[in-house]
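2 protein chains.
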Amino acid sequence: MSTPKDKLDRLPPTVVIENIQPSIEGGRYPVKRVAGESLMISADILKEGHDVTAAVLKWRPQGQDSWFETPMIPGENDRWSATCLFTENRPYDLTIEAWQDEFGTWRAEYLKKFGAGLKELRTELDEGALLAEHAAQRTGTPEDRATLEGFAARLRNGDAPEGAAVANDETFVGLMSAWPDRTLSTEYRPYLKVTVDRPRAQYAAWYEFFPRSAEGKPDSGSKFRDCLPRVDDARAMGFDVIYFPPVHPIGFTKRKGRNNSVTSEPGEPGVPYAIGSQYGGHKAVEPELGTLDDFDWLVGEIHKRGMEVALDFAINCSPDHPYVKEHPDWFYHRPDGTIKYAENPPKKYEDVYPLNFYNPDWRNLWNEMYDVIRFWCEHRVRIFRVDNPHTKPIHFWEWLIGEIQRDYPDAIFLSEAFTRPKMMKSLAKVGFTQSYTYFTWRNTKWELTEYLTELTQTDMRYYFRPNFFPNTPDILPTYLQTGGRPAFLIRAVLATTLSTVYGIYSGFELCENVPVPGKEEYLNSEKYQFKERDWNAPGNIKPYITKLNQVRRENRALQEFDNLRFHPFDNDQILFYSKATEGLDNIILVFVTVDPYNGQSGFASIPLDLFGLGENETYQLHDLLTGERFFWRGRRNFVMLNPHERPAHIFRLRRLVGQDGSEQIFG
Amino acid sequence: MSTPKDKLDRLPPTVVIENIQPSIEGGRYPVKRVAGESLMISADILKEGHDVTAAVLKWRPQGQDSWFETPMIPGENDRWSATCLFTENRPYDLTIEAWQDEFGTWRAEYLKKFGAGLKELRTELDEGALLAEHAAQRTGTPEDRATLEGFAARLRNGDAPEGAAVANDETFVGLMSAWPDRTLSTEYRPYLKVTVDRPRAQYAAWYEFFPRSAEGKPDSGSKFRDCLPRVDDARAMGFDVIYFPPVHPIGFTKRKGRNNSVTSEPGEPGVPYAIGSQYGGHKAVEPELGTLDDFDWLVGEIHKRGMEVALDFAINCSPDHPYVKEHPDWFYHRPDGTIKYAENPPKKYEDVYPLNFYNPDWRNLWNEMYDVIRFWCEHRVRIFRVDNPHTKPIHFWEWLIGEIQRDYPDAIFLSEAFTRPKMMKSLAKVGFTQSYTYFTWRNTKWELTEYLTELTQTDMRYYFRPNFFPNTPDILPTYLQTGGRPAFLIRAVLATTLSTVYGIYSGFELCENVPVPGKEEYLNSEKYQFKERDWNAPGNIKPYITKLNQVRRENRALQEFDNLRFHPFDNDQILFYSKATEGLDNIILVFVTVDPYNGQSGFASIPLDLFGLGENETYQLHDLLTGERFFWRGRRNFVMLNPHERPAHIFRLRRLVGQDGSEQIFG
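Have a look at this one:
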């Protein structure tokens with residue numbers, strides 16, 4: 000039986016450090032940042048008694064020995080804070096260290112006594128001298144040491160006023176603070192984790208297309224070698240990530256036909272999500288698209304253009320997948336021993352066999368999934384859009400992403416989980432870099448305001464990076480089906496300015512909007528067939544998208560995520576929001592109608608104080624889409640939008656910075 | 000270098016269980032309950048895919064092998080909950096276990112397929128049979144086993160409709176749910192902790208007096224053997240805890256005199272908080288009070304009366320304390336080697352030497368503090384009021400209280416920390432059973448409403464038990480100094496009905512209110528001198544206090560803490576609040592004025608729905624202080640209070656339960 004003293008093998012923490020914010024599930028999961036971004040950390044820091052406490056925020060890339068440090072500053076109610084900056088695309092540790100500041104305590108008490116007129120302070124002077132002598136031993140340079148020894152001597156030999164002079168000497172106070180005695184300090188454990196991604200994790204524009212549809216031929220598929228015109232077109236529009244649905248061999252058994260028919264005709268290309276055939280599985284490419292060399296060539300060409308490739312990671316196996324023969328135990332089995340296909344009773348998906356992540360040989364299955372991702376990393380792919388991650392174990396992803404990012408910290412994983420809110424959040428917490436969102440179905444002013452406020456103003460902003468897709472191969476939302484071309488313009492404005500990462504599924508720029516009747520699915524979807532397309536069809540919105548991407552590129556406020564703020568506008572069809580950089584050197588105001596049918600207008604209430612504008616100051620609104628310039632003053636200003644011609648203003652707010660003769664200059 | 004598979008030595012959690020509420024600092028500190036009390040636990044529980052999930056809440060006294068279990072029920076947005084009951088005065092562990100409910104999944108899918116008209120369900124029937132056979136192996140009784148085997152046979156031999164009949168059989172579903180396959184279940188770790196105290200930790204009335212003042216003699220002190228009349232008087236008033244300031248030997252060196260004079264005359268008794276003399280230290284009693292045997296006798300007499308003793312634990316040493324000679328290294332030293340007295344610059348407290356809890360021999364000091372508490376536990380004391388705990392290391396208390404409660408789970412510690420909010424909370428989190436509060440200075444309706452709402456409606460209610468003292472030997476609040484006898488009546492009503500634990504420092508019942516001018520301190524405080532008193536002086540409020548304690552004893556709603564609710568009243572001088580038991584069998588309404596000078600009146604808005612009353616129902620308000628009965632109907636009702644005669648109504652709300660002839664009966 001242990002005795003009370005047994006628990007005292009080491010001194011318990013001398014300082015209480017708790018309620019550190021931000022922290023995800025009490026530090027269980029990392030906060031996300033991108034390289035070059037800073038983070039403000041705050042915490043409750045408490046120590047007994049009345050002595051002065053000191054604290055520092057510490058952070059370092061994992062595996063590095065030494066910490067970066069910055070002093071924490073106490074605010075109201077024992078809440079301390081400091082800001083740190085992350086520079087490398089690596090996982091970081093972060094913690095707080097606090098201790099009783101003996102020197103600060105001595106200094107405060109000495110000056111109090113001296114101020115109260117006490118003259119006999121010999122003991123206090125000697126105490127100060129001792130502290131200075133001890134600090135001298137801790138210094139890193141002979142100069143600092145000599146300086147501190149000099150102050151120590153003054154304290155040891157001086158009288159009360161001399162002590163006060165030393166206690167108030169800036170050099171002395173600075174050196175004593177720089178070389179504190181941390182013997183009894185408390186370091187917060189376990190360390191908090193920060194995943195620091197590369198900037199493109201936060202700011203990017205994705206363009207999704209099926210390689211086989213690159214040329215838009217009606218009866219046959221394009222190959223990797225045919226994809227460059229499509230890539231160049233996307234580049235011209237301003238996209239920087241080319242996202243391909245699965246490029247792996249497509250199964251033949253139970254291959255689906257046009258419009259999801261359960262049978263297919265010979266020659267039909269099949270669904271890229273039914274992965275695996277005699278030509279290989281997840282580490283092979285569909286022969287109809289070319290060879291692995293062709294793929295590598297295409298990746299190289301895309302990289303040359305300053306863009307990169309995102310691949311789909313869909314853990315689906317067709318009945319022809321090599322795993323079925325090599326690892327039948329990885330699948331689910333019926334009592335008669337046959338392998339089960341996917342079901343959502345009473346629906347059957349006979350072209351796909353789901354994997355059993357808890358099968359007795361689960362370690363090898365999980366490791367094979369790791370090998371698949373690693374294989375494509377070695378083929379210079381660093382972005383993975385993961386299909387339906389919410390149907391695989393959540394902690395499988397934590398392991399997989401963690402292991403991949405250990406060697407490839409620049410790897411980006413996008414969670415395609417359109418499911419319950421907490422599941423989507425959980426996947427983001429365990430490691431997904433980005434997430435699909437409900438944006439696809441948020442159309443009204445109220446819906447958008449509420450959802451974006453949750454994304455950008457709650458704790459979600461620390462771990463959930465929304466990648467806004469107005470459409471996907473699986474989803475043609477009702478709004479786009481019914482709103483005509485204006486609906487596409489409006490959704491483009493919203494996707495590009497509300498989030499920093501967004502993507503479109505090709506065809507969006509052509510305003511393709513013919514659904515399977517009664518469903519939010521594309522009719523004659525290229526998921527199931529070859530698809531004829533004129534990539535420059537009349538009525539396309541490519542110039543508008545090009546302009547939007549340009550505006551994003553030229554305005555840093557639009558590359559920051561959680562600076563979004565909504566402002567009052569007296570018409571429920573018009574959204575008014577702003578994004579501004581911290582120093583207010585880039586202020587963007589967006590007015591966008593959500594009514595794709597009728598003109599809308601109303602009065603905005605401009606939050607002048609937020610932008611540092613005076614009540615009577617004239618400011619310029621420079622419409623970045625049209626080049627027009629407007630001059631406003633005060634809070635209440637009129638805006639009129641037309642979904643066909645002018646669905647939105649994206650204004651850069653410029654203030655008067657000078658005068659050239661009679662001409663006012665706005666900067 | 001480790002490879003990805005190395006991380007897979009065991010299966011990661013299969014279910015995400017997080018955001019468990021309540022939990023204090025993510026489970027770092029225990030939640031507090033008393034034996035007989037229940038606790039609702041909720042959590043986010045998430046699993047991949049579309050299978051049915053099952054979860055149980057589990058709890059057990061620490062050290063016990065088997066768990067109590069109750070199923071958790073899913074509510075909105077993946078939030079699950081269940082309620083557990085604690086019966087023993089011991090520390091408990093608590094956790095959640097969740098797993099994929101294979102049977103529930105099979106059942107749901109089977110019934111969906113059957114409902115969709117599928118006839119060929121041979122595979123599904125066999126799967127069900129297998130599940131039933133496996134469950135049969137897990138059963139605890141031969142009967143259950145046989146029953147399940149019977150169902151398994153029906154599934155194995157039956158057709159589709161027979162399968163549906165079995166799937167809908169209540170006995171079958173019940174047994175399958177009772178014997179689930181938890182092989183792949185996830186148990187939340189680390190376990191959450193619950194400190195389950197005895198009921199008196201939550202519901203008690205304390206009476207504090209200085210033993211030396213028991214008889215109220217002007218020139219000499221009373222002894223332990225003289226204390227029974229005071230104890231009996233307190234008992235008659237309804238108190239159940241007798242709290243003594245320190246009873247240890249008082250130092251002679253630098254002994255303080257009347258009204259905190261830095262010098263004392265021979266024969267002056269000294270401050271009980273300057274502990275230690277040639278007669279001993281913290282494990283001895285002051286000879287002027289008697290012997291340890293006398294103390295034991297007094298404790299025994301108090302126990303015989305159904306009451307108990309609370310002792311003061313003040314870690315202060317007079318210069319004469321035995322520790323000073325035996326353990327000089329436990330104290331702070333000046334550079335010249337002398338021991339430092341306490342200071343709050345420029346003030347000096349030369350009669351007290353503070354202990355250095357981080358001195359090199361800290362282990363022995365800490366252990367000695369443990370021994371002191373243990374010593375008094377062995378002398379049948381189980382309640383300790385700890386003086387100024389916030390000037391000692393926070394984690395010292397965590398260790399000390401934890402170690403004491405390991406052997407004496409009935410030990411109660413009251414934190415006397417009148418300091419910053421987060422420090423007070425922190426001490427409660429690390430283990431203090433009860434805490435002094437700001438109640439002493441909260442006088443207005445707004446202040447009281449705000450503070451009590453924080454105490455009873457936020458997370459504080461799970462760890463911070465307020466012990467309301469309207470006065471202490473150190474604090475005579477301005478309100479009591481200036482408000483006359485009505486102020487004492489009002490504060491008594493507030494203390495007894497707003498919290499479940501409260502106490503008065505003797506003299507309160509006599510409305511003693513003479514301060515040191517300009518301070519919140521008692522003039523001629525018995526801390527420093529003998530004090531003459533007539534314990535039945537005219538104008539005393541003993542009958543009122545007696546009544547209040549009786550009302551508390553007879554109404555269970557007043558013994559529950561976080562059932563306090565404030566309701567609208569249209570006069571800012573009158574507080575209106577209620578306390579009700581969960582079943583509404585005891586509903587107490589309190590109307591109390593906070594104006595000690597003038598009569599006040601106004602209209603209440605009765606929350607009828609909260610009490611299950613109809614808009615037109617007549618209900619009876621039985622004034623428990625006076626016996627009067629009023630009949631009200633509807634929401635808006637008039638109340639008039641007078642601080643001298645009737646500072647408060649404490650109503651029991653009774654509803655019509657029957658009719659006896661023409662007489663209505665309210666129960």
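Protein sequence lines correspond, in order, to chains A and B.
For the first sequence, the residue numbers in numbering that gives the first Met the number 0 are 0 to 666.
For the second sequence, the residue numbers in numbering that gives the first Met the number 0 are 0 to 666.
Even glycine gets a Cβ: it sits at the ideal position worked out from N, Cα and C.
Less than 8 Å separating the beta-carbons of residue i and residue j?
i	j	result
S317 (chain B)	G275 (chain B)	yes
V33 (chain A)	Q201 (chain A)	yes
D293 (chain A)	R181 (chain A)	no
L493 (chain A)	L522 (chain A)	no
F575 (chain A)	F590 (chain A)	yes
G280 (chain B)	H320 (chain B)	yes
R384 (chain A)	F312 (chain A)	yes
R59 (chain A)	Y28 (chain A)	no
Taking only three categories from DSSP, how would you classify residue i?
i	result
G279 (chain A)	strand
V55 (chain A)	strand
E307 (chain A)	strand
D584 (chain B)	coil
W534 (chain A)	coil
Y322 (chain B)	helix
L655 (chain A)	strand
Q663 (chain B)	strand
F610 (chain B)	helix
M71 (chain B)	coil
N636 (chain B)	strand
K216 (chain B)	coil
S317 (chain A)	coil
V385 (chain A)	strand
D8 (chain B)	coil
L84 (chain B)	strand
T443 (chain A)	coil
What does residue i reach in chain A if we use C-beta pairs closer than 8 Å?
i	result
N258 (chain B)	Those do not exist, as N258 (chain B) stays about 22 Å from chain A at its closest Cβ, beyond 8 Å.
A115 (chain B)	P344 and P345
T122 (chain B)	R333, P334 and D335
Quick one: does the C-beta of residue i sit closer than 7 Å to a heavy atom of the ligand ZN?
i	result
Y618 (chain A)	With respect to the ligand ZN, the structure offers nothing, as it holds no ligand at all.
Here's the rule: buried if 16 or more other CB atoms are within 10 angstroms of the residue's CB, otherwise exposed. What is residue i?
i	result
M368 (chain B)	buried
T481 (chain A)	exposed
Q599 (chain A)	buried
D594 (chain B)	buried
D370 (chain B)	exposed
R153 (chain A)	buried
D571 (chain B)	exposed
List the residues of chain A whose Cβ lies closer than 9 Å to the Cβ of residue i, in chain order.
i	result
W398 (chain B)	P3, K6, L7 and P11
Residues of chain C with CB closer than 7 Å to the CB of residue i, please, in chain order.
i	result
I372 (chain B)	Structure shown: chain C not included; protein chains present are A and B.
Going along chain B, which residues have a C-beta under 8 Å from residue i?
i	result
Y357 (chain A)	L10, T13 and L183
E453 (chain A)	Result: empty, since nearest Cβ-Cβ is about 13 Å, beyond 8 Å.
Give, in chain order, every unbroken run of the alpha helix (DSSP H) that is at least 4 residues long and sits entirely within the segment 387 to 426 of chain A. 393 to 406
What are the uninterrupted segments assigned as beta strand (DSSP E) that are 3 or more residues long and contained completely in the segment 99 to 140 of chain A, given in chain order? none
Uninterrupted beta strand (DSSP E) stretches inside the segment 330 to 390 of chain B (no shorter than 3 residues): 341 to 343, 346 to 348 and 382 to 386
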